[in-house]
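Protein chains in written order, with our numbering: chain F, -8 to 626; chain E, 139 to 298; chain V, 193 to 531; chain H, 973 to 1562. Backbone N, C-alpha and C define an ideal beta-carbon position, used for all residues, glycine too. Please read these numbers as outputs of a predicted model, since none were measured by experiment.
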Amino acid sequence: MTKCASEIRDTALDDGALSARLAHIWGTPKTFWGFMTTVDHKEIGRRYIVTALFFLLLGGLAAVVMRLQLGSPDNKLVGPDLYNQLFTMHGSTMMFLFAVPIMETIAVYLVPLMIGTRNVAFPRLNAFSYWVYLFGGLMLWAAFFVNTGPDAGWFSYVPLAGPQYGIGKRSDFWAQMITYTELSGLAVAVEIIVTVFKMRAPGMTLDRIPLFVWAALVTAFMILFAMPAVMVSSTMLILDRLVGTHFFNWAEGGDSLLWQHLFWFFGHPEVYFIFIPATGIVSAIIPAFTRRRMFGYVALVLSLIGTGFLAFGLWVHHMFVTGLPRLGESFFTASSMAVAIPSGIQIFCWIATLWDGKLRLRTPLLFVFGFIVNFVIGGLSGVMVASVPIDTQVHDTYFVVAHFHYVLIGGAVFPLLGGIYYWFPKFYGRMLNERLGRWNFWLAMIGFNLAFFPMHILGLMGMPRRVYTYPAEMGWGGLNLLSTVGASIFVLSFLVLVLNIIRSLRSGEIAGDNPWDAGTLEWAATSPPEPQNFSRIPVVTDREPLWQNPETLPVIGGMHADRREILVSTLVEATPEVLESSPQATIWPFIAAMVTSVTLLASIFTPWAIVWGALPVGIALTGWFWPGGEKEDES
Amino acid sequence: MSFAYAKAAASIMASLLLVACEREQRDFQTPSSGSPSGDHYQRDAYDVAQGKRLFNWMNCSGCHSHGGGGMGPALMDNRWIYGGKIQQIYQSIHDGRRNGMPAWKHRMTDQQIWQVAAYVRSMGRYLRKDVAPGRDDAMQSGKAESRRERASAIVPSTPP
Amino acid sequence: MTAGRIRSVVQLATCSSALQACSGWQSALDPHSQTAAHLAGLFWFFTAICAIVWVLVVAALIMVLRRRRESESVLPGDDFPHQQRRKAIIVGSLTAITAIILTVLTYMSFYATREITWPRKHVLTVKVTGQQWWWQLDYQNQDPSQSFGTANELHIPVGQPVTVDLEAADVIHSFWVPNLIGKQDMIPGRKNVLTLRADKPGLYRGQCAEFCGLQHAHMSMFVFAEPPAAFEAWRRHQLEPAATPGAPQRITGMNIFVHGACATCHAVGGTDADGQTGPNLTHFAQRATIAAGTLRNTPANLSRWLADPQAVKPGTNMPQVPMSPADRQALVAYLEGLK
Amino acid sequence: MPRRRLLFSLLVSVAVANSRAATGLDHTPVDGQWMQAAKDYANTRYSSLTEINTSNARRLVPAFTFSTNLKHGHEAAPLVIGSIMYVVTPFPNTLYALDLSKPGAPLKWKFDPHPDPAAQGVACCDTVNRGAAYGGGKIVYNTLDGQTVAVNATTGQEVWRAHLGDIKRGETITMAPLIADGKVLLGNSGGEFGVRGWIAALNLADGTLAWKAFNTGPDKDVLIGSGFQPFYPQYRGKDLGTRSWPPGRWKYGGNVWGWVSYDPTLHLVYYGTGNPGPWNPDQRAGDNLWTAGIFARDVSNGQARWFYQWSPHDLYDHDGINESIVLDITWRGQPRKVLVHPERNGYVYILDRVTGEVLAAKPFVYINASKGVDLKTGRLIPNPKKTTGMGKTVYDICPTASGAKDWEPSAYSPRTGILYLPHANLCMDEQPVQANYIKGTPYIGANVRQKPGRGGNRGAFTAWDVLKQTIVWEIKEPLPVWSGALVTAGDVVFYGTLDGWFKAVNARNGKLLWKFKTESGIIGQPITYLGPDGHQYVAILSGIGGWVGSIVSNALDPRDKTAALGMVNAMHDLPAKVRAGGRLYVFRVR
């Protein structure tokens, strides 16, 4: 580190000047160029969230069409070809383009704020991951709109998705979409891990990390271990389809079950990528609205880690009817049951916190209540499907559809909605309307249960999944109609949310820095946060720093005020270690993402694309890392 | 100037989209009217895939194997005794040929014959790569249709 | 939500349908075999436990809302150490109880699995091959001349265990007759085995449970559980070639069938029609349904099916064979005569 | 090992003499003619001519050649009766009569039967013909489209014509008929078309049907009556030809397209039956009687005497149609009337031809498809590791579908006691798939890739000591040996190779004496005769084709490894070695 004459430290500036100066250094110009080049985690996180919600909308529309089709028996609204594409798009979109990204990117937005730093580690990678994710999602939907939507289910079982029965390019787009989203997912996971481990504010020891951040951390680790499995398998699928390898060709020594093992080795943990951050949201909301510290912090953290570990030992329960050895299956029954224990602990701790808390029944807390009510149903039906004998009856029926929608909507979307109501003021500086929030909640609650509870019964009545229609004589019509009505109400609840958001953006009540009087660090920043998040890095001495120091937070000084700089701290105790520069805005992540995307897209049609694409990708990466002579290069 | 580029780009995009749509079409219903030229069957991956199934089901593979031939001539090379255009192949299947090829007009529907003809064209990879089938889930006979080198120009060959 | 209520909802929904025969004919909760009864029993037990747990959780939440707080601290986040300890004990015990319940459920599940999969002496082996989108049934026998093939309608003798060998010809399918037994996948290149036993005579519907492409929705099957004598009569009849038609119209129909497109895929025993890629139609007229349970087997429906199969079952491999109405009528007459 | 005393009786001449006595046909007493493809009823292909011998064979030179102007497989044996040589071509099955008495053997006449061209589409393994037979002044042979024609041997006029095969069902006829007891014996081909196999006897005089016996189905069709006394119990019972199959499935298989032997003393004909259809074994549970076995039938009425099955429930297309050589030997001290049969499944069987008992079965190639023959029950012991089934790919099955030895006939010399076996050394990967029966189209249901067997040499010419059941010597050939063999009293053995070499080797040690490169590959049957000039000649047809050579004759594409039922994969280099053609070569010693 060379000391320059022009060097300016924060100690030399008063608060106002420092804030203005840092805002300029960290800021994103409100220009097109600024938009394209920004590496600010808040900018990227926000557009990530908006994009994910956009895909939620698309996936939801697919679901609406499916519900309309199933609303009455022998319906001819959509044919089997379109229906198969619709449910594949619905599942793939919801899992790969909505649920996982949104959970990861809420973390991208919030984690630096919650741990008191100015950006994520590897901000350019962050920008890159967003663009890759965006292009992957757009590619999939563009393909769908030209009748090339994947039609073999979001799980793409071979041989149906394989080269012989997966006709045309539909499954190739699916498999390549996996590559895009997993690439971005892995990038984010790496960022989160490094950010949490090395960039926490001084004093934020491991046992002072907010539970949401713990959840994000555990999720990131799970992603790191699970996603390679699906990338490998989807690459194998592409190779089978394009190059004629025999990974899944049982007639030449391959095995179609290999796909299922690899897919579910990822696919089951994936449910927890979605659910664990959601529990983090719940654990963030509950203290704020009960005015109580979370009961059983250590137990909750251990539950998260335990869930993370156990999640990798459950995948076979998706394969109970494939004819695997019964004893082995029973092992997976036991592990699937066991994963209910950490979930149980979390629920008990939440209820214990609520028990003698000073409840403020605002919309976020309502959604937490809804979450517990619905998720427990999903969790308990999960215990049922974990049992091999019961699973042989309900597997691949609407019972399972009901089950995982209770887990994913009840267990993740409800907390997410709560989280939106909770953090919206932080993101945009304005409150969401409480009245509309209640409408939103009750419509969601009623609509959701109406839509999905009957599916349990339909499954027991023998209705299999993924059927585009059913005969009247099966007697499934009534419950399906009920479900369709429920789904419509559920959709209505989202319209209320959209309305609420639009209204608030225009004329919502100004929020202030800490409207909920919550205790975690993100509420110490302004609403919306300044580009640098914190002009002076706070020092943490408690799990709820703002409750401990309601008036002013202790801060550290001595950081440069003339460059993008962050504080690197130690892993366990978070004692300051070194000052590290943080990269400036650049267009290269966008360019790299674009050439990567074009390469991947072209590789759907010819394997040579990988060879030819390596060149522009290499150029883009060179540009990315080329030193630009900025001050950031010095430190 | 840039407008012209945009127009060109737009038309390329449009034709790409059209190609994609046509490739992925699933025509379950027999086309109702007229006698189509049959060319569109060669651009539809579904028709080609159905043709491939029929090629096995209708025992075409019994004589022509997986394109290399056997009792019947090879279909993956560029020698075509009775012509290698899809219409000529259709004719060979539909009416049969005197040196052993049976007529299928009473045993297969027109649509099926067109599908098989389209598939036969894929054997020498006279079809686009993205339309030609990938490998089977079966013991391999060689490179999948979509991975074959395109056979060179069709040359007429004399009947045996 | 109690067990009884779900049951009544199920019954209500099924009984309201038009056809009497279908009451609960594809229901996991209307067991007609020991195995299915076992499964249903286990299911209800699990449901009861889960319902209790859920009710307790919801009750706790309601109490949270209704509860009058003892004291309200001024500052947010204040802890009450005595409460903390009490809560820790409660949460700890609840966790322990959860673990115990789950252990019990795991063991029950494990023993139920053993109960169901215990190999039994079987009297009959049927190989079921899943095809897009129908079921090929091959009744096997040590004596090859006693073996035969049929499709989509599985006849079994009541009270006798039947071994079902499950295979697939193209993609993965799944064999599932909920009233009798849980499902088992049919995976190309693998063989799975189920032992099926119906304890009450009846007609049970099954349906492919693994997504298998365009017509996954119309891939159902029927199981006819018959008294052993009736089954034996049926079996013997299946060994016979098809009835030779007598009426001129039927003879015309036979000629259309045997010399036309039908014979390239379908077999009728005793004729030159011996196609193997479609369902065997030797005793077609005895079947209750057409196209893997898509339509009831009536002359009108058969005519409709032959006229435009793609309208009935889009994507089916059955082509629309052009035919004059008179020919179609003759064909229908022939097929409906294949008793 | 008990010491065996070996005694050969020259059944060859006995048979000829007896047949003459029995039928009064004008078989010349001199062993200088070649009146049927297999030379004699015993199928020895042994000639007592001695002019060509081990010392002068190297001086063999072409005497004349004759082009057929065809480019398909020439499998036939020429016939020589008196001073005329008769050559049957592959489709269109023209019969040429060459006048040997004149220099260069000019064409005397030709006869064209005009077979239906559509027959080419249902000929499984090229449009071959394996030769004619002579009797009663007539040359009798079969045409590809299922006809049998009798032509006046002198004038070339058609005498009669019978039509037994229906090509609409896929029935063709490629075999050389055998004339015995005043009857023409022939059977149908079409094992790959789901054809029901039969053997028929036509009256030589007028071509009317004397009897016809099916090889599957109810006893009355198979001509199984009270005289049927098979040695093994598994062949006893009513209607086993239907009951050893799933109902209705017995309509496919058991064709007769190979060699028929005849024992005039026992008045029995022996012939092997072809494979059951389809190849996919799961579509035909059971032993599939009476396919892939051998029948002994009373020549006068066709009634079956006994049966033995080489390959019960044949898993690998190992049809049992190979030649059975009629010998009288001393076996374990007892004189036995036997058949020696080198079978496609890789064993040389010795059967008691009176009772149908298997005396011995020893492998002459590497076999892993089966583990031997149980001499107590007579059953082949299958190898579970190589058992095929629907959809299951089984790798490296030896021998392959075309067999350790296909139809190409061996020769037996009573002078050496050796059987001269032309054969292949191929293995295969096989995946049975669902076969679909559509009348007149192939009914196979298998993906096959053939490949070289152990050692890499795809063929061999093996001298097999019949009594010791051991290999005396063996010539490894890079390509399968698909020509017939011929052995003479001069101790010279002749055979041809696929790349066109016609070879003469020493019958006692296998030393190469002479070779000559012909214009195409050789899959024909060498013969020898005494010319009108009193000299010994050797004749062979050169013309690549058949199953093994269809890659050349039908211009198949080797990129498809399953083409021609996988044979193309094993023969992918053949087009580089040999060209299609059709030419008769006749040699003599200069």
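Of all residues in the region 1209 to 1241 of chain H, only T1214, R1215, S1216, W1217, P1218, P1219 and G1220 come within less than 7 Å of chain V when Cβ atoms are compared, listed by chain position. Using a Cβ-Cβ cut-off of 7 Å, F432 of chain F does not count as an interface residue toward chain V, since no Cβ of chain V sits closer than that to its own.
Counted as a single uninterrupted DSSP element, the alpha helix (DSSP H) harbouring N431 of chain F occupies residues E425 to L451. The alpha carbon of K531 of chain V has as its nearest neighbour, out of V:A291, V:T474, V:G507 and V:M411, the alpha carbon of V:T474.
The closest CA to that of A417 of chain V, considering only V:G452, V:N447, V:E345 and V:I443, is found on V:E345. Between the alpha carbons of P445 of chain F and I381 of chain F lies a gap of roughly 18 Å.
For W1486 of chain H, the secondary structure class from DSSP, reduced to helix, strand or coil, is strand.
Minimum Cα-Cα distance from G470 of chain V among the listed residues V:W326, V:V315 and V:P393 corresponds to V:W326.
In this structure, N1294 of chain H places its C-beta atom within 7 Å of the C-beta atom of G1230 of chain H. Against D464 of chain V, the close residues of chain H are K1411, in the order they occur along the chain (beta-carbon pairs closer than 7 Å). Distance from the CA of E528 of chain V to the CA of E359 of chain V, rounded to the nearest whole angstrom, comes to 30 Å. Note that the C-beta distance between N1260 of chain H and W1217 of chain H is below 7 Å. Nearest in C-alpha terms to K1210 of chain H, of all of V:S337, V:Q521 and V:V415, is V:S337. The beta-carbon distance between W122 of chain F and A576 of chain F, rounded to whole angstroms, is 14 Å. This is too long to meet the 8 Å contact definition. A residue is called buried once 16 or more other Cβ atoms fall within 10 Å of its Cβ, and V1540 of chain H is buried on that count. In this structure, the straight-line span from the alpha carbon of A1077 of chain H to that of L1070 of chain H is close to 6 Å. At a beta-carbon threshold of 9 Å, the residues of chain F lying near G1363 of chain H are W241 and A242, ordered along the chain. Residues of the region 1369 to 1392 of chain H with a C-beta atom less than 8 Å from some C-beta of chain E do not occur.
G1258 of chain H has a beta carbon lying within less than 7 Å of a beta carbon in chain V. Taking C-alpha positions only, R554 of chain F is separated from P574 of chain F by approximately 9 Å. Collapsing the DSSP output to three states places I1416 of chain H in coil. The beta carbon of F166 of chain E falls within 7 Å of a beta carbon belonging to chain V, placing the residue at that interface.
W1222 of chain H is classed as buried because its beta carbon has at least 16 other beta carbons within 10 Å across all chains shown.
The contact set of Q468 of chain V on chain H, defined by CB atoms closer than 8 Å, consists of Q1255, Q1406, A1407, N1408 and Y1409 in chain order. Per DSSP, E182 of chain F is one residue of the alpha helix (DSSP H) stretching across R161 to K189. Taking the Cα positions, T561 of chain F is about 8 Å away from R191 of chain F. For S321 of chain F, the enclosing alpha helix (DSSP H) stretches over residues R317 to A329. In terms of beta-carbon proximity, G238 of chain E lines the interface with chain H, with at least one pair separated by less than 7 Å. Closest in C-alpha terms to D1098 of chain H, from the list E:G207, E:D248, E:G234 and E:A148, comes E:G207. Distance from the Cα of V1524 of chain H is smallest, within the candidate group E:D182, E:Y143, E:M209 and E:Q167, for E:M209.
In the displayed model, E243 of chain F falls within a helix according to three-state DSSP. Per the C-alpha coordinates, the member of F:G348, F:V187, F:M85 and F:W165 positioned closest to R258 of chain V is F:G348.
Its chain contains Q180 and R259 as the residues whose beta carbon lies nearer than 6 Å to that of L265 of chain E, once the 5 sequence neighbours on both sides are disregarded; these appear in chain order. Interface annotation for the region 377 to 397 of chain F against chain V: A377, S378, V379, P380, I381, D382, T383, Q384, V385, H386, D387, T388 and F390, criterion Cβ-Cβ distance under 9 Å. Contact between the region 425 to 434 of chain V and the region 501 to 521 of chain V is absent: fewer than three C-beta pairs spanning the two stretches fall below 8 Å. Under the Cβ distance rule, R1531 of chain H counts among the residues neighbouring chain E, one pair being separated by less than 7 Å.
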